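Take the sequence shown: its position 301, counting from 1, is numbered 301 in the UniProt record's numbering, and each next residue is one higher.
Note that beta-carbon positions come from the ideal geometry of N, C-alpha and C, so glycine has one too.
Treat the numbers as computed from the prediction; the structure is a model and nothing was measured.
Each remark here refers to the structure printed beneath this line.
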Amino acid sequence: MPVLVGVDIGGTFADFVALDPGDGRMATLKVLTTPDNPGQDVAAGLRRLAEEGMDLGAVERFVHGTTVGVNTIIQRRGARLALFTTAGFTDMLELARLRMADPYSLFCERPAPLIPREHVFGIGERMSADGRPLHVPAEDEVAAALKAARRIGCEGVVVSFLHAWRNPAHEEQVAGLIARLEPGMTVFRGSEVWPAIREYERTTTAVLNAYVHPRISRYLDRVAGELSEAGIPAPLLLTTSAGGTMTATAGRRDCVGMLLSGTASGVVGAGVVAKAAGEAAVLTLDIGGTSADIALLEDGRPSFATGHAIGEFPLAITTVAVTSSGQGGGSMVSVDAQGVLQVGPESAGSTPGPACFGRGGTRMTVTDAALLCGILGHGALGFGAIAPDAALAGEVARPLAERLGLDVATLSEGVLSVAISGMLVPIEQLLARAGMHASELTLMPFGGAGPMLGALTAEAAGIARVLVPAAPGTLCALGALAAAIRRDTMRTVLLPLEDASWPEMRAMLEELSAEASAAVEGMAGPGETTVIRAADLRYRGQSFELTVPLEAGTDAAGLARLFHAAHEKNFGHAEEAAPVQVVSLRASASRAAPPIAMPRAEAVPHAAPPQGRTRLFIGGQWREAALFERDGLDPGAAFQGPAIVTQADSTILVPPGWRAEADGWRNIVMRRDAREQG
Numbered sequence: 001m002p003v004l005v006g007v008d009i010g011g012t013f014a015d016f017v018a019l020d021p022g023d024g025r026m027a028t029l030k031v032l033t034t035p036d037n038p039g040q041d042v043a044a045g046l047r048r049l050a051e052e053g054m055d056l057g058a059v060e061r062f063v064h065g066t067t068v069g070v071n072t073i074i075q076r077r078g079a080r081l082a083l084f085t086t087a088g089f090t091d092m093l094e095l096a097r098l099r100m101a102d103p104y105s106l107f108c109e110r111p112a113p114l115i116p117r118e119h120v121f122g123i124g125e126r127m128s129a130d131g132r133p134l135h136v137p138a139e140d141e142v143a144a145a146l147k148a149a150r151r152i153g154c155e156g157v158v159v160s161f162l163h164a165w166r167n168p169a170h171e172e173q174v175a176g177l178i179a180r181l182e183p184g185m186t187v188f189r190g191s192e193v194w195p196a197i198r199e200y201e202r203t204t205t206a207v208l209n210a211y212v213h214p215r216i217s218r219y220l221d222r223v224a225g226e227l228s229e230a231g232i233p234a235p236l237l238l239t240t241s242a243g244g245t246m247t248a249t250a251g252r253r254d255c256v257g258m259l260l261s262g263t264a265s266g267v268v269g270a271g272v273v274a275k276a277a278g279e280a281a282v283l284t285l286d287i288g289g290t291s292a293d294i295a296l297l298e299d300g301r302p303s304f305a306t307g308h309a310i311g312e313f314p315l316a317i318t319t320v321a322v323t324s325s326g327q328g329g330g331s332m333v334s335v336d337a338q339g340v341l342q343v344g345p346e347s348a349g350s351t352p353g354p355a356c357f358g359r360g361g362t363r364m365t366v367t368d369a370a371l372l373c374g375i376l377g378h379g380a381l382g383f384g385a386i387a388p389d390a391a392l393a394g395e396v397a398r399p400l401a402e403r404l405g406l407d408v409a410t411l412s413e414g415v416l417s418v419a420i421s422g423m424l425v426p427i428e429q430l431l432a433r434a435g436m437h438a439s440e441l442t443l444m445p446f447g448g449a450g451p452m453l454g455a456l457t458a459e460a461a462g463i464a465r466v467l468v469p470a471a472p473g474t475l476c477a478l479g480a481l482a483a484a485i486r487r488d489t490m491r492t493v494l495l496p497l498e499d500a501s502w503p504e505m506r507a508m509l510e511e512l513s514a515e516a517s518a519a520v521e522g523m524a525g526p527g528e529t530t531v532i533r534a535a536d537l538r539y540r541g542q543s544f545e546l547t548v549p550l551e552a553g554t555d556a557a558g559l560a561r562l563f564h565a566a567h568e569k570n571f572g573h574a575e576e577a578a579p580v581q582v583v584s585l586r587a588s589a590s591r592a593a594p595p596i597a598m599p600r601a602e603a604v605p606h607a608a609p610p611q612g613r614t615r616l617f618i619g620g621q622w623r624e625a626a627l628f629e630r631d632g633l634d635p636g637a638a639f640q641g642p643a644i645v646t647q648a649d650s651t652i653l654v655p656p657g658w659r660a661e662a663d664g665w666r667n668i669v670m671r672r673d674a675r676e677q678g
């Protein structure tokens with residue numbers, strides 16, 4: 001019997017989903033991550049699956065997302081690189097966009113670039129803005145720069161010239177020369193990674209790609225070895241930041257394409273659940289060990305964006321549109337110099353983890369606070385990986401409580417409130433940009449900590465309906481299995497949107513479509529491929545652009561109408577008489593993944609009898625709360641808050657004033673009492 005396996009490596013746990021594609025039966029699993037030994041967590045999870053009876057030889061699809069790249073950047077443990085750029089532009093990484101890191105502090109400092117100034121070499125080349133070679137780089141100058149880079153220990157080179165987005169000939173010449181003179185030196189070109197205007201963003205994206213390349217390459221070798229040793233015949237597929245998948249071979253060059261893979265997979269998984277349940281407008285809330293990630297779904301489909309930041313650095317590639325804040329289950333608690341309680345962004349991760357994990361953590365986290373409030377502590381966490389210890393949580397909470405003059409329970413509820421308030425800012429910003437009101441949405445919390453804080457976050461945001469998926473703690477791994485093989489291409493064109501330019505733009509779109517389709521076929525073989533086209537547009541003179549989808553048969557006038565409508569929706573006004581400029585053209589090709597069956601059972605309404613009672617500190621007082629086990633809630637089972645629902649991969653809090661019911665897909669749907677909303 002064939003099996004599909006999805007794996008997502010987060011900040012604290014590695015999540016596994018094993019799916020029978022025929023009937024939709026699903027087995028889930030969590031193991032602790034091993035950040036100091038990447039790949040060992042994958043091996044441990046595969047061993048557990050085999051011990052539980054799964055035939056690893058029957059795995060026909062294995063899709064994997066990882067945080068190795070992101071962690072490499074955040075921890076600054078990447079490759080030692082040199083940058084070859086156009087002479088006269090060697091300060092590009094330091095100058096960046098001349099924005100202050102903290103606009104409210106006169107003493108803030110810009111983060112140091114990943115490539116220090118002494119590793120940047122100016123090459124005497126010049127290409128005109130329209131792509132005409134003006135000064136060809138000299139071989140002896142490149143050779144001298146390469147020798148200097150090797151002398152200071154550089155193991156890779158990024159070649160990024162000023163106008164290579166228009167004509168990459170000089171970058172290609174220099175990269176070829178480096179390959180000939182130093183065959184062992186890794187080389188990435190800016191126009192290869194992302195051929196767009198804005199030299200800083202293009203160069204930084206190429207630098208990120210080269211910076212994480214050695215560690216990702218070694219990691220992929222390790223995982224491929226583990227799959228082979230386990231007897232898994234399926235090729236290794238990787239989830240991407242754009243909500244798709246690619247082969248491991250492609251991932252070794254397109255490293256930036258997988259930096260936000262786990263985040264994107266969660267949104268894709270949420271889309272599968274939302275579409276099956278008929279939810280038209282969903283706000284997703286993925287709370288893991290390190291962060292809370294928020295996205296919007298319309299009819300189960302995510303939106304996409306460019307310009308996401310990885311740590312302190314802009315990433316120019318297309319990604320699923322996700323907004324993040326530094327409040328996760330492992331986010332650490334502190335009191336600042338003014339005596340104000342702070343939560344995050346620093347996280348305890350899995351090593352040492354929250355204090356209650358008993359792995360050496362010495363600072364209070366959100367997870368410790370939830371345990372001390374009575375939300376957690378009704379069973380082991382992470383499929384039995386952790387048995388939380390309230391005594392250990394109390395030891396790290398007590399000094400903070402004494403400093404603030406509070407009891408431990410009040411402090412702990414305050415920690416949860418501060419964490420939730422940190423999530424509200426990005427939620428409100430996201431809704432404002434989308435022109436949506438909270439009352440229109442259903443909140444879907446997932447991740448290990450999402451269901452724990454989901455209803456409280458919804459209440460604070462003004463959302464009256466919450467849907468918790470059947471397996472919220474492993475939804476990112478499910479999303480990995482639902483993701484299509486995908487390739488995105490783009491070119492900057494800088495053309496006026498008028499009939500005279502349209503033939504050139506159509507030809508470019510055809511070229512981009514063919515390039516994207518060929519890449520998908522190269523990864524997945526012959527088959528049906530879907531291509532979606534889009535254009536980045538702006539009024540002439542604007543600094544930023546909007547991405548507008550291009551339907552088949554659209555002409556210049558039709559595209560202009562679409563842009564005016566998009567500008568009106570996003571900014572509240574449009575200037576239909578103003579000239580429009582096409583900045584870039586895009587094409588995305590995809591091959592759909594095997595459909596995931598979402599079987600539905602008949603929901604028979606009935607009152608769910610609690611399996612026990614517990615005490616819960618909420619609303620400033622201890623209350624009695626009903627205790628349920630998720631596996632004991634059949635479709636149609638209903639109950640009133642306050643209540644706690646425990647399951648192997650997560651814990652659900654149903655606050656007072658909320659009613660919960662299990663639907664036909666075994667989702668827990670919570671609705672806030674109308675009297676409470678008033």
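Within 10 angstroms of the beta-carbon of His567 lie 16 or more other beta-carbons, which makes it buried.
DSSP lists Val468, Ala662 as the beta-bridge partner residues of Ile668. In the structure shown, Tyr539 adopts extended strand secondary structure according to DSSP, grouped into three states. Within 10 angstroms of the beta-carbon of Val654 lie 16 or more other beta-carbons, which makes it buried. For Thr66, same chain residues with a beta-carbon under 6 Å away, outside a window of 5 residues either side, are Ile9 in chain order.
Contact between Ser261 and Thr239 holds: their C-beta atoms lie close to 4 Å from each other, under 8 Å. A direct Cα-Cα distance of roughly 7 Å separates Gly454 from Leu443. As computed with DSSP, His135 is found in a beta bridge with Arg126. The beta carbon of Arg403 sits closer than 7 Å to the beta carbons of Val335 from its chain, once the five residues preceding and following it are set aside; these are given in chain order.
Here DSSP, grouped into helix, strand and coil, assigns Ile178 to helix.
The three-state reading of DSSP puts Ile427 in helix, counting H, G and I together. Excluding five sequence positions before and after Ala138, the CB atoms of its chain that fall closer than 7 Å to its own CB belong to Gly124, given in chain order. Phe16 places its beta carbon less than 8 Å from that of Leu49. Put simply, of Glu118, Arg132, Leu56, Glu109 the residue whose alpha carbon is nearest the alpha carbon of Arg80 is Glu118.
A contact between stretches requires three or more CB pairs, one per stretch, nearer than 8 Å, and the segment 453 to 471 meets this requirement with the segment 652 to 672. If you draw a straight line from the Cα of Pro21 to the Cα of Val5, it is about 10 Å long. Around the beta carbon of Asp286, 16 or more other beta carbons lie within 10 angstroms, which makes this residue buried.
Looking only at Arg222, Ala560, His378, Gly307, the smallest Cα-Cα distance to Ala577 is reached by Ala560. Secondary structure note for Ala316: it is in no beta strand (DSSP E), with a DSSP letter that is neither H nor E. In the structure shown, the three-state DSSP call for Trp194 is coil. Secondary structure at Arg47: helix, using DSSP grouped into helix, strand and coil. Residue Arg47 holds the alpha-carbon nearest to the alpha-carbon of Glu229 among Arg659, Gly572, Arg47, Pro469. Residue state for Trp165 is assigned as coil, using DSSP reduced to three classes.
Relative to the Cα of Arg623, the nearest Cα in the group Gly632, Arg613, Ala524, Asp631 belongs to Arg613. In the DSSP assignment, Leu83 is bridged to Val120, Val158. Taking 8 Å as the cut-off, the Cβ atoms of Gly377 and Pro388 count as close. Take the alpha-carbon of Ala355 and the one of Gly326: they are about 19 Å apart. For Gln621, the secondary structure class from DSSP, reduced to helix, strand or coil, is strand.
Going by DSSP, Ala449 is part of no beta strand (DSSP E) at all; its letter is neither H nor E.
Your pair Val158 and Ala206 checks out as a contact, with CB atoms roughly 5 Å apart and the cut at 8 Å.
Per the coordinates, the alpha-carbon of Leu495 lies some 7 Å from the alpha-carbon of Val583. Inter-residue distance for Glu440 and Val267 is about 19 Å (C-alpha atoms, whole angstroms). Its chain contains Gly636, Ala638 as the residues whose beta carbon lies nearer than 7 Å to that of Pro605, once the 5 sequence neighbours on both sides are disregarded; these appear in chain order. Annotation: Glu521 to Ser265 spans about 22 Å, alpha carbon to alpha carbon. In this structure Asp293 is buried. Its beta-carbon is surrounded by 16 or more other beta-carbon atoms within 10 angstroms.
If the five residues before and after Ala175 are omitted, its C-beta is found closer than 7 Å to the C-beta atoms of Val159, Val187, Arg189, all from its own chain and listed in chain order.
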